[in-house]
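Asks: Here's a structure for you.
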Amino acid sequence: MCGIAGLFARDPQASIDRSILIAMRDSMTHRGPDGEGLWFSDGVGLAHRRLSVIDVAGSPQPMRSADGHAMIVFNGEIYNYRDLRHELGQLGYRFTTEGDTEVILAAYREWGADCLSRFNGMFAFAIYDTKTRSLFLARDRFGVKPLFTATLPDGSFAFASELKGLLAHPRMGRKVDPLAIEDYFAWGYVPDHRSILASVGKLPAGHYQIVEHGAAPGAPVCWYDISFADRHRLGEADEAEAIRAHLHDAVRSRMVSDVPIGAFLSGGVDSSTVVAMMADIAKRQVTTCSIGFDVPDVDETEYARRIAQQFDTAHHEKIVDPALFDRVDRIAAMFDEPFADASALPTAEVCALARQHVTVALSGDGADEAFAGYRRHVFHAAEQRARDFLPASLRKYGFGPLAALYPKADWAPRPLRAKSTLQALALSGEEAYARALGIMTPDARAGLFSSAMMDELGGYRAEQPLIDLMRAAPARNGLDRAQYADLKFWLPGDILTKVDRTSMATSLEAREPLLDHRLVEFAAKLPTGRRVQRGEGKYALKRAMAGELPHDILHRPKQGFVLPIAQWFRSELKESARAAVRSQRLLDTGWFDATALSNLAESHISGRRDHARELWQLLMLDRSLASLDR
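For the sequence shown, the working numbering assigns the number 33 to the initial residue and increments by one for each residue that follows.
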């Protein structure tokens, strides 16, 4: 795992400022404390920070291809590199290292951009082709590894693994994009189609980009997309066997490492599945790490301990409390952009705990998106059945007005929140899912924003890109489209961003076996009833693991990595909530209505409404803006 950066001049004869490239590289030392490298030629410079995981003593970067015609900087892992190395060896390629970087170079020389479809892994890399004098950038299928890009005022192109790498360039523009603020308050993060800064972009997951001297950067080209258009015709027993085989292979391939390896363990289905597979494969005791909370309602350590005991792991755990809030500035600095998924705090803690014992940790991320494991999937599937049965006019003109009259009940379990259900049924499936996935509705955001901010947005709504994505999805039904949106939008923007930044901040490599593309593609072909059955999501995965994991682990309600911020903002942290909405830094932006912010905090502290997530958004935006100003 590594950090990469580079500069590519519009003028092919231009010299690259060495000091700037070093500053960009070394702003990301946490991503690669084990080594550093630079390479320059006319019009181009590449930089690398290395975390040594495979071929620890070899594979320095930037690395030149054997024929001298390509130079690479690479962040990630190619899990099938040994198979590719053998195939390329039969084609005449010779290798001098034992790592995967040299294999990427040979694959690119042999197959060009088509090499990407041959890789099973997580990656973001840049290859400078000395023959064509062009830059080739690529990102993995689901966006496990990040890549930020920017065009500088002089026309030069810059890239880096993190935004802070670009911000190390003295000519990088720092104007905040107001549309990103709209996006952030809708989702709690800045999605991959935008950046917090107007001058910065992100290479989308499953895309590559070619940059040439004397021309504007080429548009990103999609090289991978997930499809829900087809269905398996397997019986349940064969289906379960196939899932177990995919799981075993995905975990086995991600256990290749020349440094100590372990796993995150929450005690939920996904992490327990990974640990079960690791215990079956490993030749030594598996190391597991868990984080718990001092609030019993959200603490899962009991379940994690049971799984650790069942599979005889070397288990480590840590309990966190409101004092964790003191680390919020550090969290903001990790992400650069505002990021309001509060689980980033405990995720950072479990990464730090894991790094005390291992260098690589396997996670359970991706299964909910692939197998329909979120509660919103269950509700959406049920609502979609109602939509398919009821005429659109009845839903719009009947349920819409009824929802407006029905009282809001934030305190109630989701099935009892009739207002939310009626609102969802009055909308199209895509609009309803956007509402379910988001944090703040358009009306709620409009209530917080100033009139000047609303004018600046010019009618833009954050939900529209998601709705458009769902409507264009290669899918058969509403659940397909919801999962497609999760894999293409939510997963790279929220979950994978969270894990990458928090793990890399401690120089820990996180791997996601449940995002093996072969497993995800298999899951996308499952009949709807094998994903959601009798009001329970992830049915096929749970059935596949029924012989390996306890029944109550498999079928207890999904809890997630939840930080008890609602309770904390009414007790130990209530003054922090008030301070967040009174922040002069936020008020000086002109984006907000000051009275609306104050009312938001007091309504939550009094217990009248639950605005914990919105308060957390405001607090993290404030901290992020402070970080960007440094």
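Ideal Cβ placement from N, Cα and C applies to all residues, glycine included.
#1: Are the Cβ atoms of PHE403 and TYR571 separated by less than 9 angstroms?
#2: Considering just the uninterrupted stretch of the beta strand (DSSP E) at LYS574, what are its terminal residues?
#3: Kindly identify the DSSP beta-bridge partner or partners of THR534.
#4: Around the Cβ of GLN515, are there at least 16 other Cβ atoms within 10 angstroms (buried) or fewer (exposed)?
#5: Just to confirm the assignment: which complete alpha helix (DSSP H) runs, minimum length 4, are found wholly within the segment 503 to 550?
#6: Starting from VAL307, trace the alpha helix (DSSP H) both ways and give me its first and last residue.
#7: Tell me the rounded alpha-carbon separation between ASP663 and SER659.
#8: Anyone know if the C-beta pair for THR181 and SER289 falls short of 9 angstroms?
#9: Contact check, LEU605 vs PHE357 under 8 angstroms by CB: the rounded distance?
#10: If contacts are defined as beta-carbon pairs under 8 angstroms, then LEU120 and VAL105 qualify, I think. What distance do you get, rounded to the angstrom?
#11: Using DSSP with H/G/I as helix, E/B as strand and the rest coil, what is LEU448?
#12: In the DSSP assignment, find the unbroken alpha helix (DSSP H) run with GLN241 in it and report its ends.
#13: For GLY153 and ASP172, which I take to be in contact (beta-carbon distance under 8 angstroms), what is that distance rounded to the nearest angstrom?
#14: In the DSSP assignment, find the unbroken beta strand (DSSP E) run with CYS383 in it and report its ends.
#15: Tell me the residue span of the beta strand (DSSP E) that contains MET287.
#16: Using CA coordinates, which residue listed in ALA37, THR128, ILE48 is at the minimum distance from ALA156?
#17: Which of the three DSSP states, helix, strand or coil, is assigned to LEU53?
#18: Whose C-beta lies closer than 8 angstroms to the C-beta of ILE52 among residues of the same chain, with five residues either side of it excluded?
#19: Under a three-way DSSP split, which group does LEU501 fall into?
#20: Any idea if PRO185 is buried or exposed, counting beta-carbon neighbours within 10 angstroms, 16 or more meaning buried?
#21: Taking the continuous beta strand (DSSP E) assigned at LEU297, which residues delimit it?
#22: Any idea if LYS196 is buried or exposed, counting beta-carbon neighbours within 10 angstroms, 16 or more meaning buried?
#23: Round the Cβ separation of ARG645 and ILE471 to the nearest angstrom and send it over; I've been treating them as touching at under 8 angstroms.
#24: I'd like the span of the alpha helix (DSSP H) that includes ASN152, first residue to last.
#25: Please return the same chain residues whose Cβ sits closer than 8 angstroms to the Cβ of ALA444, not counting the five positions on each side in sequence.
#26: May I ask which residues mark the beginning and end of the alpha helix (DSSP H) holding THR333?
#27: Check whether the segment 334 to 349 and the segment 309 to 325 are in contact - that is, three or more C-beta pairs closer than 8 angstroms.
#28: Just verifying my parser: in three-state terms, what is the DSSP assignment at TYR140?
#29: What would DSSP say about SER659, mapped onto helix, strand or coil?
#30: Have a look at LEU177 and ALA374 and give me their C-alpha separation to the nearest angstrom.
#31: Span of the beta strand (DSSP E) holding GLY75?
#32: Using alpha carbons as the reference points, say which of ARG63, GLY77, PRO249, LEU266 lies closest to ARG562.
#33: By the DSSP assignment, the alpha helix (DSSP H) with GLU109 in it spans what residues?
#34: I'd like to know whether the C-beta atoms of ALA102 and LEU137 end up nearer to each other than 9 angstroms.
#35: Does the structure place the segment 475 to 495 close enough to the segment 524 to 540 that three or more beta carbon pairs sit under 8 angstroms?
#36: Return the bridge partner residues of PRO65 from the DSSP annotation.
Replies: Taking the structure as given:
#1: Taking the first residue of the sequence shown as position 1, residue 403 is located at position 371. Taking the first residue of the sequence shown as position 1, residue 571 is located at position 539. Cβ atoms of PHE403 and TYR571: closer than 9 angstroms.
#2: Locating residue 574 in the sequence shown gives position 542, where the first residue counts as 1. No beta strand (DSSP E) holds LYS574; the alpha helix (DSSP H) holding it covers 571 to 576.
#3: By 1-based counting over the sequence shown, the position of residue 534 is 502. For THR534, which the question treats as bridged, DSSP gives no partner whatsoever.
#4: Locating residue 515 in the sequence shown gives position 483, counting from the first residue. Classification of GLN515: buried, given that the 10 Å Cβ count is 16 or more.
#5: 510 to 517, 528 to 536
#6: Here residue 307 is taken as the residue at index 275 of the sequence shown, counted from 1. Per DSSP, VAL307 belongs to the alpha helix (DSSP H) from 301 to 313.
#7: Any answer about residue 663 is impossible in this case: the structure gives the chain only from 33 up to 662.
#8: As a position in the sequence shown, residue 181 is number 149, starting the count at 1. As a position in the sequence shown, residue 289 is number 257, starting the count at 1. Going by C-beta atoms, THR181 is not nearer than 9 angstroms to SER289.
#9: As a first step, residue 605 is located in the sequence shown; it is residue number 573 there, counting from the start. As a first step, residue 357 is located in the sequence shown; it is residue number 325 there, counting from the start. The pair is a contact, with the Cβ atoms about 6 angstroms apart (cut-off 8 angstroms).
#10: One-based indexing of the sequence shown puts residue 120 at position 88. One-based indexing of the sequence shown puts residue 105 at position 73. No, LEU120 and VAL105 are not in contact; Cβ-Cβ is about 20 angstroms, not under 8 angstroms.
#11: Numbered from its first residue, the sequence shown carries residue 448 at position 416. Note that LEU448 has pLDDT 43, beneath the 50 cutoff, so the model's placement of it is unreliable and the number below is only indicative. Residue state, collapsed to three classes: helix.
#12: By one-based count along the sequence shown, residue 241 stands at place 209. Taken as a continuous stretch (DSSP letters only), GLN241 belongs to no alpha helix (DSSP H), being part of the beta strand (DSSP E) at 239 to 244.
#13: Position 121 of the sequence shown, counted from the start, is the residue given in the question as residue 153. Position 140 of the sequence shown, counted from the start, is the residue given in the question as residue 172. Yes, GLY153 and ASP172 are in contact; Cβ-Cβ is about 6 angstroms, under 8 angstroms.
#14: Within the sequence shown, numbered from 1, the residue matching residue 383 stands at position 351. Run containing CYS383: none in the beta strand (DSSP E); it sits in the alpha helix (DSSP H), 376 to 387.
#15: Position 255 of the sequence shown holds residue 287. Unbroken run through MET287: none, as it is neither H nor E.
#16: Start at 1 with the first residue of the sequence shown, and residue 156 comes out as number 124. Per the Cα distances, ALA37.
#17: The count along the sequence shown starts at 1 and reaches residue 53 at position 21. LEU53: helix per DSSP, three-state reduction.
#18: Sequence index remark: in the sequence shown, residue 52 carries index 20 (1-based). The residues are LEU39, ALA200, HIS201, PRO202.
#19: Numbered from 1 along the sequence shown, position 469 holds the residue referred to as residue 501. Three-state result, LEU501: helix.
#20: Residue numbering aside, residue 185 sits at position 153 when the sequence shown is read from its first letter. With fewer than 16 other Cβ atoms within 10 Å, it is exposed.
#21: In the sequence shown, the residue the question calls residue 297 occupies position 265. It is not in any beta strand (DSSP E) - LEU297 carries neither H nor E in the DSSP assignment.
#22: Your numbering for residue 196 matches position 164 in the sequence shown. Per the 10 Å Cβ criterion, buried.
#23: One-based indexing of the sequence shown puts residue 645 at position 613. One-based indexing of the sequence shown puts residue 471 at position 439. 5 angstroms between Cβ atoms; contact.
#24: Position 120 of the sequence shown, counted from the start, is the residue given in the question as residue 152. Neither: ASN152 is in no alpha helix (DSSP H) and is coded neither H nor E.
#25: Stepping through the sequence shown from its first residue, residue 444 is reached at position 412. Residue placement at ALA444 is flagged as unreliable, the pLDDT there being 45, under the threshold of 50; a coordinate-derived value is accordingly withheld.
#26: By 1-based counting over the sequence shown, the position of residue 333 is 301. 333 to 342 is the extent of the alpha helix (DSSP H) around THR333.
#27: yes
#28: On the sequence shown, residue 140 is found 108 positions in, with the first residue counted as 1. Residue state, collapsed to three classes: helix.
#29: In the sequence shown, the residue the question calls residue 659 occupies position 627. It is helical.
#30: Reading the sequence shown from its first residue, position 145 is the one you call residue 177. Reading the sequence shown from its first residue, position 342 is the one you call residue 374. First, the residue type needs correcting, since residue 177 is Lys and not Leu in the sequence shown. Approximately 21 angstroms, taken between the alpha carbons.
#31: Along the sequence shown, one-based indexing puts residue 75 at 43. Note, GLY75: premise wrong, no beta strand (DSSP E); not H, not E.
#32: Sequence index remark: in the sequence shown, residue 562 carries index 530 (1-based). Comparing Cα positions, the closest option is LEU266.
#33: Numbered from its first residue, the sequence shown carries residue 109 at position 77. No alpha helix (DSSP H) holds GLU109; the beta strand (DSSP E) holding it covers 102 to 110.
#34: Indexing the sequence shown from 1 puts residue 102 at position 70. Indexing the sequence shown from 1 puts residue 137 at position 105. Yes, they are a contact pair.
#35: no
#36: As a position in the sequence shown, residue 65 is number 33, starting the count at 1. ARG82, per the DSSP bridge assignment.
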